[in-house]
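Single-structure report; data block below.
Residue numbers (my numbering): 1 to 512.
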């Protein structure tokens with residue numbers, strides 16, 4: 001018996017191995033970082049990754065570099081050359097595997113296939129819970145998981161992305177399954193195949209990562225993204241087997257790189273040795289190869305998107321144009337957010353304009369506003385080569401408009417809020433404690449352009465075409481025809497509309 005125990009102890013000791021997981025998330029193609037101080041950026045991230053790998057290697061510790069998604073859409077650089085530069089950048093940073101985030105499949109499965117192929121990216125692109133169709137041509141390009149051998153330690157990495165309804169439309173006619181059952185299926189197979197370490201590389205957000213840790217007993221580590229949460233310390237979630245599952249995330253926008261060193265003693269026997277977020281401060285030397293690459297992409301992107309208009313001043317603002325500042329988004333407050341639906345409402349000539357607060361880019365400080373600033377603040381298109389998001393319009397009677405707006409302000413929009421132009425309203429919600437009607441809301445006041453809504457009158461509503469597809473999955477089915485067959489598309493694009501709006505106002509204030 002003593003010999004058996006001794007053999008087991010020797011076997012475990014011989015298997016024990018330290019490995020390093022280096023990770024990023026939600027880069028959003030912020031090649032230069034979002035900071036006004038100059039912190040962040042891909043060139044500094046590359047320097048940090050290389051240093052972390054070299055330092056670990058000196059101590060005999062192998063490294064694996066993972067990205068937890070949304071490496072694509074989010075800045076104007078992704079809107080150039082079909083976004084291929086952002087895929088090439090993964091290789092330049094040395095990323096071994098990346099999960100597809102919702103902003104990485106914004107242009108559909110076929111475009112994702114084209115981006116992977118045309119970029120020649122060697123990073124393994126993962127998405128276990130994404131069901132694709134043959135016409136997307138993603139077979140062999142989008143993988144459910146990846147297996148790595150780190151000095152004899154088998155590491156299985158399972159990619160899982162958000163299944164939020166308002167991002168589902170992008171991958172249609174495919175589908176995104178809930179993460180937990182898919183994770184359980186793949187992690188079980190990984191264990192059966194002899195995995196020593198099972199990692200969930202997720203683009204779900206911290207709250208859903210916590211639930212995933214509870215739901216899948218086979219997971220050892222969760223490398224997360226989507227919620228832009230900066231975790232300076234490991235969050236440890238106790239799972240159903242009473243094991244402590246480490247969850248990590250770096251924030252967003254190439255501001256920091258995470259280093260998680262683990263002692264892998266055996267299957268389901270993993271200990272956190274150390275964890276640290278390494279900030280990409282200006283004091284960090286910029287990798288010259290990556291710096292040259294992003295500067296070249298940036299120069300060509302500006303020329304392609306704006307021609308010689310990039311630095312043309314179109315007006316002045318007495319307020320900041322809200323967006324991301326140092327990786328954090330101003331999306332629920334701020335004067336500029338009040339202007340966003342007004343731009344759509346007034347420039348399209350509609351009665352009502354709709355926008356969602358989360359969809360802004362880099363914040364622009366008050367002062368002179370250039371055409372390039374508009375692109376920085378609205379870094380979104382629904383088709384490459386267009387001047388911003390396309391705006392669509394549809395007509396609806398007053399009663400349906402009342403119901404639509406009530407559904408919109410009551411909808412679960414995750415990290416966003418509806419912005420409504422041309423409308424003033426007051427909302428009352430019954431306390432949850434009241435039986436049957438607790439939580440039910442209704443408008444006590446609803447005015448369209450200063451007049452109480454007329455239920456029999458027809459009103460025109462304008463919103464970005466991309467939002468119409470999001471809302472189709474969020475709102476009651478009775479509204480679906482508005483977003484599929486009853487809308488009108490014209491020559492309305494957000495960058496041009498914002499340019500005209502600012503030129504017309506001359507000076508943007510909080511009150512105008």
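Glycine included, each C-beta is placed from N, C-alpha and C at the ideal position.
- For residue 78, the closest C-alpha among the options 27, 262 and 150 is that of 27.
- Contact check for residue 102 against residue 177 fails: the beta carbons are separated by 8 angstroms or more.
- For residue 211, the enclosing alpha helix (DSSP H) starts and ends at 206 to 215.
- Non-local beta-carbon contacts of residue 41 in its own chain, meaning distances under 6 angstroms to residues more than five positions away in sequence, involve 32, 33 and 254 in chain order.
- Nearest to residue 167 by C-alpha distance, out of 217, 210, 154 and 109, is 109.
- For the segment 39 to 104, the continuous beta strand (DSSP E) assignments of 3+ residues that do not extend past its boundaries occur at 63 to 67 and 97 to 99, in sequence order.
- For residue 133, same chain residues with a beta-carbon under 6 angstroms away, outside a window of 5 residues either side, are 173 and 174 in chain order.
- Non-local C-beta neighbours of residue 424 in its own chain, meaning closer than 6 angstroms and more than five positions away in sequence, comprise 447, ordered along the chain.
- Annotation: the continuous beta strand (DSSP E) that includes residue 262 extends over 256 to 266.
- Annotated three-state conformation of residue 383 is coil, per DSSP.
- For residue 28, there is no enclosing alpha helix (DSSP H), as DSSP marks it with neither H nor E.
- Burial is judged here by how many other beta carbons sit within 10 angstroms of a residue's own beta carbon; residue 512 has fewer than 16 and is exposed.
- Its Cα nearest to that of residue 63, the residue 22 stands out among 72, 90 and 22.
- The segment 428 to 446 makes no contact with the segment 360 to 370, as fewer than three CB pairs between them are under 8 angstroms.
- In terms of Cβ geometry, residue 197 and residue 155 form a close pair [threshold 8 angstroms].
- Collapsing the DSSP output to three states places residue 159 in a strand.
- Counting C-beta atoms within 10 angstroms of its own C-beta, residue 228 has 16 or more neighbours from the protein chains shown and is therefore classed as buried.
- With contacts defined as CB atoms closer than 8 angstroms, residue 397 and residue 338 fail to qualify as a contacting pair.
- Counting along the chain, residue 111 sits inside the alpha helix (DSSP H) bounded by residues 109 to 119.
- Within a 10 Å sphere around the beta-carbon of residue 455 sit fewer than 16 other beta-carbons, which makes this residue exposed.
- Residue environment for residue 44: buried (at least 16 other C-beta atoms within 10 angstroms of its C-beta).
- In this structure, DSSP gives residue 34 a state outside helix and strand, which the three-state scheme calls coil.
- The alpha-carbon separation between residue 52 and residue 420 amounts to approximately 47 angstroms.
- Distances from the CA of residue 386 to each of 304, 418 and 89 were compared; the closest alpha carbon is that of 304.
- Looking at the DSSP output, residue 240 shares a beta bridge with no other residue.
- In terms of CA proximity to residue 262, 150 leads the group 240, 123 and 150.
- Rounded to the nearest whole angstrom, the CA to CA distance from residue 208 to residue 36 is 31 angstroms.
- Residue 212 sits close to residue 180, with the two beta carbons spaced by under 8 angstroms.
- Scanning its chain for C-beta atoms nearer than 8 angstroms, with the 5 sequence neighbours on each side dropped, one finds around residue 510 the residues 318, 319, 335 and 338, in chain order.
- Just so you know, the alpha carbons of residue 321 and residue 39 end up roughly 20 angstroms apart.
- At a Cβ-Cβ threshold of 8 angstroms, residue 17 and residue 152 count as neighbours.
- DSSP places residue 354 outside any alpha helix (DSSP H); the residue lies instead in the beta strand (DSSP E), whose first and last residues are 352 to 356.
- In the DSSP assignment, residue 324 forms a beta bridge with 329 and 362.
- In the three-state reduction of the DSSP assignment, residue 443 falls in the strand class.
- Judged by beta-carbon spacing, residue 234 lies beyond the 8 angstroms limit of residue 161, meaning their Cβ atoms are not closer than that value.
- Taken through DSSP and simplified to helix, strand or coil, residue 341 comes out as helix.
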